[in-house]
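Counting from 1 along the sequence shown, just add 4 to a position and that's the residue number in my numbering.
Everything on this sheet refers to the single structure shown next.
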Amino acid sequence: MKQAKRAKIFYGIIGCGEAFRKHAEAIRKNKESALAAVFDTDSRRAGIVSKNYGCEKSASVDAMLADRGIDAVVICTPHDTHKDLVLRTIQAGKYAVCEKPLALSSREGRALLQSRYYKQNIITVFQTRFSPAARLLFRLLASGKIGTILLCNVHVYKYRDRDYFNKRWRSDRGRSGGMLLSQGIHALDMMRLLCGWPKRIMAIRKNFRPRLKEVEDVYAAAVEFRNGAVGTVTVTTAAKHNRNAHSIFIAGSRGSMEIGGHAFEKIIHRDLRGTRICLAGFPERSDHEFFLSAVNDFILRKKRDPLLSFAEDAVRSVAFVEELQHALGQKH
């Protein structure tokens, strides 16, 4: 692994679609990073983006990976390409920063862990962990103010229209991994961090839109965890006319807490005395900016934020989703 010897990390981004802008903006706004190059299979789109951000347009993935001036590559491509692109990136001696999910299955993920090129150089983008509200949630739990978790309810309400699914890979279970890996994984990743591993799951899924033959649009489950906690999971992409909303509610032995909003920007805590704390209006930085700062800290100074998701951790989150899918008899 090439060690960064400069004051800045130079990034390349593969994939200039919907996920691109938040990563590019986070890189641009951080004084310790710069966007060096972009690549997309749509050459015209890559050209527009490269002009807008004042960076190079790589002729191919291989050209970007051969560029010795690039330290890390952000992978923002369809899910079924993640594993191979991550492997090629670390083989080229660069850090791979991969959009969720790291792989379509835990088996694919374990193959990355077994690569001789893997040396803590794969980081998965779980940026919601870094929102100020989420950090406060983890801090309050660690302080004991909430006590032992008794109940954890996770809800993800989204609407994805026909245009969204017109990109064929999104409605293809073999390419996207399904709704839980696509839309639910951020909240489910948080649930795993909070509650640990499930012991028993009772679940149901539905396809209310006939054209989505392979990908469900509603999933609901009741979960019992190994630590004794119980919880519920609801994920949907059929919440028409509803803003994208996430929520995690925790009832503990000493109090309760809820985190929610469009991107976990709100948190409410009630302690045993009934004190209610409603927090909003956090610093005007995106979750991606907080996440990127942690990535830069690790690459430049080997300062490891406990919320950074390296490959081992990311594979556990994929496996957690598999447990929820297995409750429906889905194959992987």
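Ideal placement from N, C-alpha and C gives every residue a C-beta, glycine not left out.
- Under the three-state reduction of DSSP output, residue 57 falls in the helix class.
- Measuring C-alpha to C-alpha distances from residue 179 to each of 241, 153, 130 and 108 identifies 108 as the nearest.
- Excluding the 5 residues flanking it on each side, residue 296 has same chain C-beta neighbours closer than 6 Å at 30 and 34, in chain order.
- By the criterion of a C-beta distance shorter than 8 Å, residue 173 is surrounded in its chain by 82, 83, 84, 179 and 180, once the five residues flanking it on both sides are discounted.
- Residue 314 and residue 19 have their alpha carbons spaced roughly 21 Å apart.
- In this chain, the beta strand (DSSP E) harbouring residue 210 covers 202-210.
- Just so you know, the alpha carbons of residue 307 and residue 225 end up roughly 38 Å apart.
- Judged by pairs of C-beta atoms under 8 Å, the segment 103-123 touches the segment 312-330, as three or more such pairs exist.
- Collapsing the DSSP output to three states places residue 259 in a strand.
- Considered as a whole, the segment 56-131 harbours 76-79, 99-103 and 126-129 as its complete beta strand (DSSP E) runs of no fewer than 3 residues, in chain order.
- Across the set 234, 86 and 220, the C-alpha of 220 shows the shortest separation from the C-alpha of residue 164.
- For residue 186, no beta strand (DSSP E) run applies, since DSSP gives it neither H nor E.
- With a cut-off of 8 Å on Cβ pairs, the segment 99-119 is not in contact with the segment 265-272, counting fewer than three such pairs.
- By the CB criterion at 9 Å, residue 74 and residue 106 fall outside the cutoff.
- Bounds of the alpha helix (DSSP H) holding residue 29 are 24-33.
- A distance of 9 Å or more separates the beta carbons of residue 240 and residue 325.
- Residue pairing from DSSP places residue 159 in a beta bridge opposite 238 and 251.
- With respect to residue 43, residue 294 sits apart: the two C-beta atoms are not nearer than 9 Å.
- Residue 299 places its beta carbon less than 9 Å from that of residue 76.
- A distance below 6 Å between beta-carbons, with the five flanking residues on each side excluded, links residue 301 to the following residues of its chain, in chain order: 307.
- Per DSSP, the unbroken beta strand (DSSP E) holding residue 229 starts and ends at 222-229.
- Leaving aside the five residues that flank residue 213 on each side, the residues in its chain whose CB is nearer than 6 Å to its CB run, in chain order, 221.
- In the structure shown, the three-state DSSP call for residue 311 is coil.
- Just measuring C-alpha positions, the residue of 329, 331, 310 and 304 sitting nearest residue 12 is 304.
- With a cutoff of 9 Å on beta-carbon distance, residue 265 and residue 250 are scored as near each other.
- In this structure, DSSP gives residue 180 a helical state, which the three-state scheme calls helix.
- Listed as beta-bridge partners of residue 37 by DSSP are 13.
- The three-state secondary structure of residue 51, taken from DSSP, is helix.
- Setting aside the 5 residues that flank it on each side, residue 36 is surrounded in the same chain by 11, 12, 13, 300 and 304, each with a C-beta closer than 7 Å to its C-beta; the list follows chain order.
- Spanning the alpha carbons of residue 199 and residue 190 requires a straight line of approximately 14 Å.
- The three-state reading of DSSP puts residue 216 in coil, since its state is none of H, G, I, E or B.
- Remark: C-beta atoms of residue 39 and residue 16 approach each other more closely than 9 Å.
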